Amino acid sequence: EAGVAQSPRYKIIEKRQSVAFWCNPISGHATLYWYQQILGQGPKLLIQFQNNGVVDDSQLPKDRFSAERLKGVDSTLKIQPAKLEDSAVYLCASSLDTGSLGANVLTFGAGSRLTVL
Amino acid sequence: GESVGLHLPTLSVQEGDNSIINCAYSNSASDYFIWYKQESGKGPQFIIDIRSNMDKRQGQRVTVLLNKTVKHLSLQIAATQPGDSAVYFCAENIWGGGADGLTFGKGTHLIIQP
Numbered sequence: 244e245a246g247v248a249q250s251p252r253y254k255i256i257e258k259r260q261s262v263a264f265w266c267n268p269i270s271g272h273a274t275l276y277w278y279q280q281i282l283g284q285g286p287k288l289l290i291q292f293q294n295n296g297v298v299d300d301s302q303l304p305k306d307r308f309s310a311e312r313l314k315g316v317d318s319t320l321k322i323q324p325a326k327l328e329d330s331a332v333y334l335c336a337s338s339l340d341t342g343s344l345g346a347n348v349l350t351f352g353a354g355s356r357l358t359v360l
Numbered sequence: 122g123e124s125v126g127l128h129l130p131t132l133s134v135q136e137g138d139n140s141i142i143n144c145a146y147s148n149s150a151s152d153y154f155i156w157y158k159q160e161s162g163k164g165p166q167f168i169i170d171i172r173s174n175m176d177k178r179q180g181q182r183v184t185v186l187l188n189k190t191v192k193h194l195s196l197q198i199a200a201t202q203p204g205d206s207a208v209y210f211c212a213e214n215i216w217g218g219g220a221d222g223l224t225f226g227k228g229t230h231l232i233i234q235p
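Note that the protein sequences, when read in sequence, are chains A and B. For the first sequence, my numbering begins at 244 and goes up steadily by one. For the second sequence, my numbering begins at 122 and goes up steadily by one.
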């Protein structure tokens, strides 16, 4: 089974520039998540999609962050304009629908490391 | 603030010994817990999970213990190997709560001494 694919793996930008990250979840996984992981901390949920609908975006800084999953498969996370504090690893994860044992298990991609200078 | 945290940022153990990583959570409504392992440069990898109707669950070389009375979770790794070196996170959620994104703690860095 192919894992969660993310790109790019690394990105360096200057503050106030924009950046976009792409995620392709595991085939058949209806739920997709974006997490932000700052160095030395645990991942923090930014947004959760169920198919192409948003389930939870309460922690997404909507003034600069946006995400979409138009066809219910791939997703894009965008930051515009970037700030220094956005330097982090952006992790994408996917899971099966909830309701069955193990369905809440999130499978993570390797992440996209962003450095904002 | 975070509803899940860990007692120690770093744990150093001898190769072959057993490791115990602890986690405290504060949300009494949480009823589903997962341990993840994260190696350098990689995303978190699922290790084992447990629901609140259980107090112990075993996997291959790993055991998770849940004490709901004191809201404490632990991960035991038997016969620790060099490949176990990583940061370990506990995460929690409310089963069937709709929005099921996990809440992670800060992590414990497990270091294996030869």
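Even for Gly, the Cβ is constructed at its ideal location relative to N, Cα and C. Source: prediction; values computed, not measured.
Taking only beta-carbon positions, decide if residue i is within less than 8 Å of chain A.
i               : result
I155 of chain B : yes
I223 of chain B : A quick correction: the sequence has Leu, not Ile, at residue 223 of chain B. With 8 Å as the cut-off, L223 of chain B counts as an interface residue toward chain A.
H204 of chain B : Checking the sequence, you will find Gly at residue 204 of chain B rather than His. No - not a single Cβ of chain A is within 8 Å of the one on G204 of chain B.
G180 of chain B : no
G228 of chain B : yes
D170 of chain B : yes
P165 of chain B : yes
Quick check on DSSP: helix, strand or coil for residue i?
i               : result
E328 of chain A : helix
G296 of chain A : strand
D176 of chain B : coil
D170 of chain B : strand
A353 of chain A : coil
Looking at residue i and the ligand ADP, is the gap between the Cβ and the nearest heavy atom below 7 Å?
i               : result
P268 of chain A : The ligand content of the structure shown is nil, which means the ligand ADP is not present either.
Note down the Cα distance separating residue i from residue j, rounded to an integer number of angstroms.
i               : j               : result
C335 of chain A : A310 of chain A : 12 Å
A200 of chain B : L289 of chain A : 36 Å
N188 of chain B : L223 of chain B : 19 Å
T274 of chain A : Y157 of chain B : 19 Å
S151 of chain B : I215 of chain B : 5 Å
T358 of chain A : D317 of chain A : 23 Å
D185 of chain A : D306 of chain A : It is not possible to answer for residue 185 of chain A, since the shown part of chain A is limited to 244 through 360.
P324 of chain A : F264 of chain A : 14 Å
S355 of chain A : K254 of chain A : 7 Å
Q279 of chain A : C211 of chain B : 16 Å
N195 of chain A : R182 of chain B : Here chain A has residues from 244 to 360 only, and residue 195 of chain A is not among them.
I169 of chain B : I155 of chain B : 6 Å
I269 of chain A : C144 of chain B : 29 Å
T229 of chain B : N174 of chain B : 26 Å
E213 of chain B : R259 of chain A : 35 Å
I322 of chain A : S261 of chain A : 6 Å
Within the 8 Å Cβ cut-off, does residue i reach chain B?
i               : result
Q279 of chain A : no
L320 of chain A : no
D299 of chain A : yes
L282 of chain A : no
A245 of chain A : no
V316 of chain A : no
Y253 of chain A : no
G354 of chain A : yes
F351 of chain A : yes
Q260 of chain A : no
Y276 of chain A : yes
P304 of chain A : no
P268 of chain A : no
L357 of chain A : no
L334 of chain A : yes
Under the assumption that residue i contacts residue j (Cβ atoms under 8 Å), give the Cβ distance between them as a whole number of angstroms.
i               : j               : result
E136 of chain B : Q202 of chain B : 7 Å
D177 of chain B : Q284 of chain A : Looking at the sequence shown, residue 177 of chain B is not Asp but Lys. Actually they do not touch by this definition, with Cβ atoms about 29 Å apart.
L320 of chain A : W277 of chain A : 5 Å
Every unbroken beta strand (DSSP E) inside the region 251 to 278 of chain A [3 residues or more]: 253 to 256, 262 to 267
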